[in-house]
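Chains as they are written, first to last, in our numbering: chain A, 1 to 321; chain B, 1 to 279. In what follows, a single structure is set out as structure tokens and then discussed.
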Amino acid sequence: MPDLGLHAARARSSRSRSSRTSVLASLVATLALMAASGIAPALAADPPLVPVTVTAKGCEPNELTVPAGRVTFLITNRSSRALEWEILKGVMIVDERENIAPGFKQRLTTNLAPGAYEVTCGLLSNPRGKLTVLNPAGGTMPAAARPGAAELIGLSAEYRIWTLQALDDLTRAVAAKDRASSRAALLHLAPLERLAAPQAQALQAALARPDGDPGAAAAAYAVAIRGLSPAPQELLRGLADTARRLAAADAAEAAALLVAITAPAGHLLPLVKRADPALGEQLDRQLAALALAVQAQAPLEQASLALAGDLARLPGVLGLG
Amino acid sequence: MFVPFLIMLREGVEAALIVGIIASYLVQTGRGRALNAVWLGVGAACLLCLATGLKLHRAAAEFPQKAQELFEAAVGLLAAIILTLMVFWMREAAQSIKARLHGRVDEALSRAEGGGLALAGMAFLAVAREGLESVVFLMAAFSQEDLGWQPAIGACLGLLAAVAIGVAVFRFGRRLDLRRFFRWTGVLILFVAAGLLAGALRSAHEAGLWNGLQATAYDLSEILPLDSLAGTLLAGLFGYRDAPSLGELLLYLAFLLPALALFLRPAAAGRRAEKVQNA
Numbered sequence: 001m002p003d004l005g006l007h008a009a010r011a012r013s014s015r016s017r018s019s020r021t022s023v024l025a026s027l028v029a030t031l032a033l034m035a036a037s038g039i040a041p042a043l044a045a046d047p048p049l050v051p052v053t054v055t056a057k058g059c060e061p062n063e064l065t066v067p068a069g070r071v072t073f074l075i076t077n078r079s080s081r082a083l084e085w086e087i088l089k090g091v092m093i094v095d096e097r098e099n100i101a102p103g104f105k106q107r108l109t110t111n112l113a114p115g116a117y118e119v120t121c122g123l124l125s126n127p128r129g130k131l132t133v134l135n136p137a138g139g140t141m142p143a144a145a146r147p148g149a150a151e152l153i154g155l156s157a158e159y160r161i162w163t164l165q166a167l168d169d170l171t172r173a174v175a176a177k178d179r180a181s182s183r184a185a186l187l188h189l190a191p192l193e194r195l196a197a198p199q200a201q202a203l204q205a206a207l208a209r210p211d212g213d214p215g216a217a218a219a220a221y222a223v224a225i226r227g228l229s230p231a232p233q234e235l236l237r238g239l240a241d242t243a244r245r246l247a248a249a250d251a252a253e254a255a256a257l258l259v260a261i262t263a264p265a266g267h268l269l270p271l272v273k274r275a276d277p278a279l280g281e282q283l284d285r286q287l288a289a290l291a292l293a294v295q296a297q298a299p300l301e302q303a304s305l306a307l308a309g310d311l312a313r314l315p316g317v318l319g320l321g
Numbered sequence: 001m002f003v004p005f006l007i008m009l010r011e012g013v014e015a016a017l018i019v020g021i022i023a024s025y026l027v028q029t030g031r032g033r034a035l036n037a038v039w040l041g042v043g044a045a046c047l048l049c050l051a052t053g054l055k056l057h058r059a060a061a062e063f064p065q066k067a068q069e070l071f072e073a074a075v076g077l078l079a080a081i082i083l084t085l086m087v088f089w090m091r092e093a094a095q096s097i098k099a100r101l102h103g104r105v106d107e108a109l110s111r112a113e114g115g116g117l118a119l120a121g122m123a124f125l126a127v128a129r130e131g132l133e134s135v136v137f138l139m140a141a142f143s144q145e146d147l148g149w150q151p152a153i154g155a156c157l158g159l160l161a162a163v164a165i166g167v168a169v170f171r172f173g174r175r176l177d178l179r180r181f182f183r184w185t186g187v188l189i190l191f192v193a194a195g196l197l198a199g200a201l202r203s204a205h206e207a208g209l210w211n212g213l214q215a216t217a218y219d220l221s222e223i224l225p226l227d228s229l230a231g232t233l234l235a236g237l238f239g240y241r242d243a244p245s246l247g248e249l250l251l252y253l254a255f256l257l258p259a260l261a262l263f264l265r266p267a268a269a270g271r272r273a274e275k276v277q278n279a
């Protein structure tokens with residue numbers, strides 16, 4: 001074709017040609033950037049390779065299970081028609097490879113979130129294949145429902161504020177020689193006690209002696225607690241421990257221990273409800289029932305142990321391993 | 001070998017059709033010198049595709065399909081708009097021609113700022129759009145060890161056939177007289193534009209932008225599959241799909257029917273006045 005109509009081309013003014021060239025050059029640059037930015041992520045480490053064959057009847061195997069994250073599908077077309085292989089979520093196309101000719105193999109590398117998907121298998125009339133994408137825990141719960149790193153840091157930060165307030169209460173109660181309030185304030189920090197056990201025991205012993213001065217022990221305990229920066233897992237374990245302690249607590253202790261659990265729960269439950277709505281609701285109900293039981297001085301053992309069991313599940317539910 | 005031939009034929013015809021029509025428009029309207037810009041656009045697009053192919057090949061990477069679909073959706077929409085504007089604009093221009101006053105058309109073309117530039121850009125985008133799709137396919141074709149050179153030969157033949165069709169469109173267009181040329185290429189372009197528009201919607205869906213009206217409108221994939229010769233040619237010329245979604249079909253018809261009616265409506269005052277003059 002290049003010989004057509006070029007006879008008049010030489011008359012072109014150089015100015016308009018250069019403006020044209022610059023526009024085309026910028027178009028080329030844009031497209032090259034587009035291509036480059038899209039390709040870069042594909043160069044990372046080799047994702048797992050999942051072969052799938054499409055025949056005239058459908059996909060083989062018809063049910064695929066892959067881990068979440070980047071996966072490479074090696075699609076072999078054994079049908080007699082050119083093929084378009086799509087991964088679908090409802091009507092949405094998650095990713096696809098077009099123009100796979102009969103007898104051809106093509107690769108499709110894609111990044112999949114946990115969940116259930118469908119794949120097209122050649123002809124529209126063929127049954128669709130099932131694609132299950134598992135999260136590392138082996139479930140299909142989408143990772144997005146789990147709290148992000150920022151939310152977990154937020155949870156720890158909120159709990160630190162609560163901790164410092166409880167320490168202030170403790171210092172004030174000890175200075176005022178109010179032993180009941182001192183004990184209550186100490187119990188408010190029960191989830192952290194395990195992490196500062198020697199200092200906690202010393203303070204408890206000092207508070208138990210009617211004639212002693214607990215001031216030095218309280219100061220040492222405050223220093224130990226202030227120095228902690230518990231990870232969310234440690235906080236969750238502390239909460240489960242506290243619930244177990246509640247089972248055997250007397251009336252005075254029970255009220256304070258329940259406060260120790262419900263204070264962090266205010267920030268924790270929204271995250272749990274998003275990751276596992278049923279469990280979140282159940283924790284809500286258990287805490288409400290325990291509050292009523294503590295008020296009525298009813299037996300707490302069964303409800304407390306059930307709560308402890310559910311709290312112990314939280315690290316898994318929140319993806320904290 | 002036959003399917004690679006057909007795939008390249010389809011991608012090629014879609015590009016060649018637009019380039020051929022633009023080229024014959026330019027020559028018909030005495031602006032053959034603007035062809036230079038068109039070839040520049042075609043060449044730049046070929047280089048882009050070649051560079052992308054080499055780069056992907058060297059990186060042993062896959063073409064990011066979503067980026068490609070996004071690009072195709074945007075270009076398809078742009079192409080449909082420009083082609084439609086061009087057709088209606090030339091229709092008005094043709095009506096104002098008494099006898100064979102090419103100069104008037106030329107004037108009309110040059111009055112519209114950057115008309116030549118738009119056409120060159122169109123040629124570039126048309127070739128780049130189909131070319132990038134072909135790159136993906138050719139890369140796969142060349143990596144099929146068990147099939148040897150057959151797919152590559154088929155693909156090259158398909159491309160040659162597409163170029164031949166483009167040249168035929170160009171020559172046919174040049175031989176028609178101006179009025180009939182505008183009329184018939186105009187109708188053809190409206191079909192092409194409707195197909196591009198529906199294709200843009202499909203690409204938007206595949207890029208994840210549009211998810212409505214995805215029910216299958218009809219399924220002719222048993223009777224007239226897209227990868228048969230007839231299906232391929234119909235796809236290239238009229239945007240035929242063997243199993244379009246409802247949204248694609250509706251958009252195709254919603255654009256094509258009013259556009260055709262408007263385009264083919266008898267010219268009112270202009271033509272009558274011309275008849276009187278001719279008589």
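Just so it is clear, CB atoms sit at the ideal spot from N, CA and C, and this is done for glycine as well. These figures come from a predicted structure and were not determined experimentally.
Check                                                                                                     : Outcome
CB contact check: P244/B to chain A, cutoff 8 Å                                                           : no
Burial state of D242/B (16 or more Cβ within 10 Å)                                                        : buried
Same chain, Cβ closer than 7 Å to Q199/A, five either side skipped, listed in chain order                 : A220, Y221 and A224
8 Å Cβ cutoff, R100/B in contact with chain A                                                             : Only weak support exists for where R100/B lies, its pLDDT of 45 falling under 50; the coordinates are left without a value.
Of the listed residues L6/B, V87/B, A51/B and R91/B, nearest to P266/B (C-alpha basis)                    : R91/B
Alpha carbon of T72/A to alpha carbon of A140/B, nearest angstrom                                         : 15 Å
Pair within 8 Å by beta-carbon distance, Y252/B and A207/B                                                : no
Rounded separation between H205/B and A254/A - CA only                                                    : 59 Å
Own chain, CB closer than 7 Å to A308/A, minus 5 neighbours either side, in chain order                   : A240, A243 and R244
Alpha carbon of P114/A to alpha carbon of L213/B, nearest angstrom                                        : 26 Å
Per-residue burial, P136/A [other beta carbons within 10 Å of its own, 16 or more giving buried]          : exposed
Option nearest M86/B by Cα separation, candidates T216/B, E248/B, R183/B and R202/B                       : R183/B
Under 9 Å by beta carbon: chain B residues contacting F73/A                                               : Chain B residues near F73/A: none, gap ~10 Å exceeds 9 Å.
Chain B residues whose Cβ lies nearer than 8 Å to that of P102/A                                          : V3
Under 7 Å by beta carbon: chain B residues contacting A82/A                                               : V3, I7 and D227
Whole-Å CB distance - A260/A paired with A190/A, under 8 Å assumed                                        : 4 Å
Residue closest to A152/B, alpha-carbon to alpha-carbon, out of A259/B, L160/B, N36/B and F142/B          : F142/B
Close Cβ partners of L300/A (< 8 Å) along its chain, the five nearest in sequence each way excluded       : L246, A247, A249, A254, L290, A293 and V294
Interface flag, G53/B vs chain A, CB-CB below 8 Å                                                         : no
Contacting positions in the stretch 194 to 206 of chain B - beta carbon closer than 8 Å to chain A        : H205 and E206
CB contact below 8 Å: A11/A versus chain B                                                                : Caution is warranted here: a pLDDT of 39 is assigned to A11/A, below 50, making its placement in the model unreliable, and no coordinate value can be reported.
Counted within 10 angstroms of its Cβ, other Cβ atoms place G12/B as buried (16 or more) or exposed       : buried
Own chain, CB closer than 8 Å to P264/A, minus 5 neighbours either side, in chain order                   : L155, E158, Y159, W162, P191, L235 and L239
Beta-carbon neighbours of Q106/A, restricted to chain B and to distances below 7 Å                        : A140
Start and end residues, alpha helix (DSSP H) containing E193/A                                            : A190 to E193
Element boundaries [alpha helix (DSSP H), containing P348/A]                                              : With chain A covering 1 to 321 only, the question about residue 348/A has no answer from this structure.
Separation of M8/B from L233/B, as counted between CA atoms                                               : 11 Å
CB of A120/B within 8 Å of CB of V27/B, strictly                                                          : no
As assigned by DSSP and simplified to three states, the class of R10/B                                    : helix
Nearest-angstrom beta carbon gap, V54/A and S79/A [assumed within contact, 8 Å]                           : 6 Å
Rounded C-alpha distance that separates I87/A from L283/A                                                 : 37 Å
Where N99/A meets chain B, residues with beta-carbon distance less than 8 Å                               : I7, E133, V136, F137 and A140
R70/A - partner residues in DSSP beta bridges                                                             : N111/A
Bridge-paired residues (DSSP) for G129/A                                                                  : V119/A
Distance cut-off 7 Å: R180/B Cβ against heavy atoms of the ligand COA                                     : Summarising the ligand content, the structure contains no ligands, and the ligand COA is consequently not present.
Classification of Q201/A by the beta-carbon crowding that lies within 10 angstroms, buried from 16 upward : exposed
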